[in-house]
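Going by the UniProt record's numbering, the sequence shown runs without a break in its numbering and finishes at 264.
Glycine residues also receive a C-beta, built at the ideal position from the N, C-alpha and C atoms.
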Amino acid sequence: MQSYPPEIDQIAADAGLGKVVDRYRPSVAIEMSFVVTLACLGLAGLLIGDDLGKIIGAVASGLALLISLPTWLQARRKLYLCSDGLLTTTGKSTVRTLFTWEDVAHIRVWTTRLYQSPPDDLGRCVLVLKDGTKLNLARPPYAGGDQLIASVEEQMVATSHPRRSAEITATGASTFGPITVTTEGVRDGDRFASWSDITGVERGRVRLRIWTGAGRPAISRQVRTIPDVTVLVDLVSDGAERYRRRKGDAHGSRPPDQHLLGPL
Numbered sequence: 001m002q003s004y005p006p007e008i009d010q011i012a013a014d015a016g017l018g019k020v021v022d023r024y025r026p027s028v029a030i031e032m033s034f035v036v037t038l039a040c041l042g043l044a045g046l047l048i049g050d051d052l053g054k055i056i057g058a059v060a061s062g063l064a065l066l067i068s069l070p071t072w073l074q075a076r077r078k079l080y081l082c083s084d085g086l087l088t089t090t091g092k093s094t095v096r097t098l099f100t101w102e103d104v105a106h107i108r109v110w111t112t113r114l115y116q117s118p119p120d121d122l123g124r125c126v127l128v129l130k131d132g133t134k135l136n137l138a139r140p141p142y143a144g145g146d147q148l149i150a151s152v153e154e155q156m157v158a159t160s161h162p163r164r165s166a167e168i169t170a171t172g173a174s175t176f177g178p179i180t181v182t183t184e185g186v187r188d189g190d191r192f193a194s195w196s197d198i199t200g201v202e203r204g205r206v207r208l209r210i211w212t213g214a215g216r217p218a219i220s221r222q223v224r225t226i227p228d229v230t231v232l233v234d235l236v237s238d239g240a241e242r243y244r245r246r247k248g249d250a251h252g253s254r255p256p257d258q259h260l261l262g263p264l
């Protein structure tokens with residue numbers, strides 16, 4: 001079982017963050033390898049180089065020193081994932097950021113693809129607090145970042161789903177960036193898909209798509225523009241499924257209990 005500094009456990013408890021469940025450190029391997037390479041080049045140039053080599057060595061040494069300071073500062077940062085919130089620190093226990101999941105207005109999660117050989121998908125996650133503060137979990141990138149993003153999104157879904165559902169019940173609608181879920185269906189600008197027409201919803205790597213039949217999706221938006229996208233997918237799936245259940249009950253039969261994922 002992983003242990004954490006007692007100061008961190010105490011800070012989390014005092015702030016209402018619950019129990020510390022995991023710790024993440026920034027990934028600085030690339031920066032460190034670059035610093036070491038420049039330092040070696042600089043040392044070699046200064047010790048055995050001619051006049052030009054010494055100049056190159058001095059420049060390389062200066063660059064190594066220039067890069068090493070922010071790298072060292074970044075390496076001292078830590079992120080602690082807690083059962084009821086999150087905190088980041090510098091050094092052992094100097095708090096930089098601290099908030100509970102209830103303090104978060106919404107979360108945006110998407111994937112950026114690097115087209116290399118082979119292609120590499122990088123997870124992106126931005127938390128926006130109710131006071132407007134933003135925390136980008138990819139800056140700095142953390143070792144184990146995909147696991148961190150998945151864990152944070154899971155916590156936020158548990159918090160946001162009941163809040164969004166209650167908002168729809170109370171006001172008749174909940175807005176997810178360009179898309180609005182209402183008691184009647186889903187709206188995106190002048191496009192509207194009623195619960196009776198929706199046949200499928202899919203969250204792809206780049207786009208969220210909602211179908212009302214064969215052919216092109218009725219609604220299609222970039223995932224990165226949609227806050228709480230996982231909650232949105234769940235609400236659309238559940239809304240369309242509830243309509244089918246009511247329709248089946250009205251006709252004296254019950255359709256199979258299934259969760260709509262993708263075009264049917």
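- With a cutoff of 8 angstroms on beta-carbon distance, arginine 25 and lysine 92 are scored as not near each other.
- A distance below 7 angstroms between beta-carbons, with the five flanking residues on each side excluded, links alanine 193 to the following residues of its chain, in chain order: Gly185, Val186, Ile210, Thr212, Ala218, Ile219.
- In this structure, threonine 97 lies near leucine 87, with their beta-carbon atoms less than 8 angstroms apart.
- By the Cβ test, the stretch 13–24 is not in contact with the stretch 40–53, since fewer than three Cβ pairs between them sit closer than 8 angstroms.
- Judged by beta-carbon spacing, aspartate 190 lies beyond the 8 angstroms limit of proline 178, meaning their Cβ atoms are not closer than that value.
- With distances taken between CA atoms, arginine 139 lies nearest to Val126 out of Val126, Tyr4, Gly132, Asp121.
- Between arginine 164 and valine 223, the CB-CB gap reaches or exceeds 8 angstroms.
- With fewer than three CB-CB distances shorter than 8 angstroms, the stretch 110–119 does not count as touching the stretch 155–170.
- Going by DSSP, alanine 13 is part of the alpha helix (DSSP H) stretching over 6–14.
- Apart from sequence neighbours up to five positions away, the residues of its chain that approach alanine 173 with a beta-carbon distance below 6 angstroms are Thr180, Thr182, ordered along the chain.
- The residue among Glu241, Thr175, Asp131 with its C-alpha nearest the C-alpha of aspartate 228 is Thr175.
- For phenylalanine 99, same chain residues with a beta-carbon under 7 angstroms away, outside a window of 5 residues either side, are Gly85, Leu86, Leu129 in chain order.
- If only complete runs of 3 or more residues are kept, the stretch 157–182 shows the beta strand (DSSP E) at 173–176, 179–182, in order along the chain.
- In the three-state reduction of the DSSP assignment, glutamate 184 falls in the coil class, being assigned neither a helical nor a strand state.
- Nearest to arginine 124 by alpha-carbon distance, out of Thr225, Gly53, Asp238, is Thr225.
- For valine 128, the uninterrupted beta strand (DSSP E) segment begins and ends at 120–129.
- Residues of the same chain with their beta carbon placed closer than 7 angstroms to that of alanine 13 are lacking, with the five preceding and five following residues left out of the count.
- Ranked by how close their Cα comes to the Cα of arginine 203, the residues Ser196, Leu235, Ala214 have Leu235 in first place.
- Spanning the alpha carbons of valine 206 and leucine 122 requires a straight line of approximately 12 angstroms.
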